[in-house]
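Asker: First the structure, which I've put down as structure tokens, then a few questions once you've had a look.
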Amino acid sequence: MIVQKYKDMLSGKSVIRQLAEFAAARGAEIGYENVFDYSLGNPSVPVPQEFTDTMINFLQTRSSNELHGYSPNPGITSVRQAIAASLEKRFGIPYRTEHIFMATGAAGALAHAFRLVTEPGDEILTFAPFFPEYHPYVDLTGAVLRVVPPETETFQINFQAFEEMIGPKTMAILVNTPNNPSGVVYSAATLERLAQTLTRKSEEYGHDIFLISDEPYREIVFDGVEAPCVSKFYDNSIMCYSFSKSLSLPGERIGYVAVNPACRDAEVLVNMCVQISRGLGHNCPPSIIQLAVAEVLDKTSDLSVYETNMNILYKELISLGFTCVKPGGTFYIFPKALEEDAKIFCQKALKYDLVLVPGDTFGAPGFFRMAYCIDTEKVERSLPALRKFVETEYPNR
81 MIVQKYKDML SGKSVIRQLA EFAAARGAEI GYENVFDYSL GNPSVPVPQE FTDTMINFLQ
141 TRSSNELHGY SPNPGITSVR QAIAASLEKR FGIPYRTEHI FMATGAAGAL AHAFRLVTEP
201 GDEILTFAPF FPEYHPYVDL TGAVLRVVPP ETETFQINFQ AFEEMIGPKT MAILVNTPNN
261 PSGVVYSAAT LERLAQTLTR KSEEYGHDIF LISDEPYREI VFDGVEAPCV SKFYDNSIMC
321 YSFSKSLSLP GERIGYVAVN PACRDAEVLV NMCVQISRGL GHNCPPSIIQ LAVAEVLDKT
381 SDLSVYETNM NILYKELISL GFTCVKPGGT FYIFPKALEE DAKIFCQKAL KYDLVLVPGD
441 TFGAPGFFRM AYCIDTEKVE RSLPALRKFV ETEYPNR
């Protein structure tokens, strides 16, 4: 007999993926260059040349076994050592090799982090707007994801609602900054207040509450915006990182778990990751990719295009009468729709070959997401379609 819960999930397919499929089908009809697809957050800029050169050099000079054999369960030691040294240099936190576990992207890192600190029935809190896949990531562990409603003026944390929702079953808080979908970067003041709350509540409930930070967009921060390191604010913190966005490597599925050295039982937690991976099958990321990213830890793709695209869209949206918090990073913008139901709003946009994602599944009904990781030329060509959509459908805005 097949497992019903996974069968039931077939009817809950990702809205983002559905819209991306629509865009692909529409593109087959009229040419994809004529579909203004803002649905999927797939990096659009090339990998750094240094990464490509490193891969070529490895393939020409290193042994097949070293490049393509199994890595040790926690990851290749030299790679973990390089990541720890990079984190210490950058953030001033004394990470060592034993604090790093190599994972298959941020999703793999989160899969381990959740299982490190929760049992079935425990609660993880996160803050809207949030990445919708957090639900299956958490729910399928047996833990329960609870979502704190958004503070829509700034998309910083809604602390009043948070204080009401945190309770004795809360074992972890999940944050994503810079944030998908809002593009907002949590301020130092926000993170300091969050840390103070977790310290106080841990004492009140008599158990540690962990802070798990999902950081795939850490390097995509715009000029004049400070992106504080989450782990500097709270000892019991677990960083989940991916190179997918910084190096434009989403298909390579490479990232890591970094347990704060000040965290209780830090080294034990990393060793526990090895045991968790035995049950997940989420172990031993590709050796060649581990080795290659270790050579370019101080490099990124040319991420400047994302800020260029953001500024073009933000200026146009504001001129058309949208309300929008200006992103501080990522490649997403999250305006308020011009009618209450963002799903209807986004459905109307399809008539103009504008593929936008309603904010309902992000925990923020009435808003919509645009993933502007596309060529700047296409962003500029989308503006007449956006104007026509707004002027035709919402003439009295």
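At position 143 of the sequence shown the residue is numbered 223 (the working numbering), and the sequence of numbers has no breaks. The beta carbon of each residue, even a glycine, is placed where N, CA and C say it ideally should be.
According to DSSP, simplified to helix, strand and coil, what is G335?
Answerer: Position 255 of the sequence shown, counted from the start, is the residue given in the question as residue 335. Strand at G335.
Asker: Is the beta carbon of Q236 closer than 8 Å to that of V264?
Answerer: Locating residue 264 in the sequence shown gives position 184, where the first residue counts as 1. Locating residue 236 in the sequence shown gives position 156, where the first residue counts as 1. The Cβ atoms of V264 and Q236 lie closer than 8 Å to each other.
Asker: Kindly identify the DSSP beta-bridge partner or partners of M182.
Answerer: Residue numbering aside, residue 182 sits at position 102 when the sequence shown is read from its first letter. Looking at the DSSP assignment, M182 forms a beta bridge with Y336.
Asker: Should A105 go down as buried or exposed, given a rule of 16 or more other Cβ atoms within 10 Å for buried?
Answerer: Position 25 of the sequence shown, counted from the start, is the residue given in the question as residue 105. Under this definition A105 is an exposed residue.
Asker: Given a threshold of 16 other Cβ atoms within 10 Å of its Cβ, counted over all protein chains shown, does A451 qualify as buried or as exposed?
Answerer: Numbered from 1 along the sequence shown, position 371 holds the residue referred to as residue 451. A451 comes out buried.
Asker: Applying the criterion that 16 or more other CB atoms from any shown protein chain within 10 Å of the CB defines a buried residue, is K325 buried or exposed?
Answerer: The residue given as residue 325 occupies position 245 in the sequence shown. Burial call: buried.
Asker: When DSSP builds the beta bridges, which residues end up paired with N256?
Answerer: Your numbering for residue 256 matches position 176 in the sequence shown. Note: N256 sits in a beta bridge opposite D294.
Asker: Going by the beta-carbon positions, is the gap between L430 and S381 smaller than 8 Å?
Answerer: Here residue 430 refers to the residue found at position 350 when the sequence shown is read from its first residue. Here residue 381 refers to the residue found at position 301 when the sequence shown is read from its first residue. Result no, Cβ atoms of L430 and S381 do not sit closer than 8 Å.
Asker: In whole angstroms, give me the CA-to-CA distance for L349 and F171.
Answerer: Here residue 349 refers to the residue found at position 269 when the sequence shown is read from its first residue. Here residue 171 refers to the residue found at position 91 when the sequence shown is read from its first residue. Distance between the alpha carbons of L349 and F171: 21 Å.
Asker: Buried or exposed: where does V83 fall if 16 or more other Cβ atoms within 10 Å of its Cβ makes it buried?
Answerer: Walking along the sequence shown from the start, residue 83 turns up at place 3. When all chains shown are included, V83 counts as exposed.
Asker: DSSP has C426 in a bridge; who is on the other side?
Answerer: Taking the sequence shown and counting its residues from 1, the one referred to as residue 426 is at position 346. BP columns for C426 are empty, so no partner.
Asker: Taking 8 Å as the threshold (C-beta atoms), are N340 and Y297 in contact?
Answerer: Taking the first residue of the sequence shown as position 1, residue 297 is located at position 217. Taking the first residue of the sequence shown as position 1, residue 340 is located at position 260. Their beta carbons are not under 8 Å apart, which means Y297 does not touch N340 by this criterion.
Asker: Which value, in whole angstroms, describes the spacing of the CA atoms of V470 and R160?
Answerer: By 1-based counting over the sequence shown, the position of residue 470 is 390. By 1-based counting over the sequence shown, the position of residue 160 is 80. Spanning the two alpha carbons is a distance of roughly 50 Å.
Asker: Consult DSSP for F302 and reduce its assignment to one of helix, strand or coil.
Answerer: Numbered from its first residue, the sequence shown carries residue 302 at position 222. Coil, per DSSP.
Asker: According to DSSP, is P438 helix, strand or coil?
Answerer: Numbered from 1 along the sequence shown, position 358 holds the residue referred to as residue 438. P438: strand per DSSP, three-state reduction.
Asker: Among I289, T232, L393 and C343, which one has its Cα closest to the Cα of G446?
Answerer: Here the question's residue 446 lines up with position 366 in the sequence shown. Nearest C-alpha to G446: T232.
Asker: Classify G304 as buried or exposed, calling it buried when 16 or more other Cβ atoms lie within 10 Å of its own Cβ.
Answerer: Against the sequence shown, residue 304 aligns to sequence position 224. Its Cβ having fewer than 16 others within 10 Å, G304 is exposed.
Asker: Going by CA-CA distance only, name the one from Y217, L434 and A252 that's closest to Y118.
Answerer: Here residue 118 refers to the residue found at position 38 of the sequence shown. In this structure, L434 is the residue among Y217, L434 and A252 with its C-alpha nearest to the C-alpha of Y118.
Asker: So, under 8 Å CB-CB, I204 and L254 are touching, yes? Tell me the CB distance rounded to an integer number of Å.
Answerer: The residue labelled residue 204 in the question sits at position 124 within the sequence shown. The residue labelled residue 254 in the question sits at position 174 within the sequence shown. That belief holds up - the Cβ atoms of I204 and L254 are roughly 6 Å apart, short of 8 Å.
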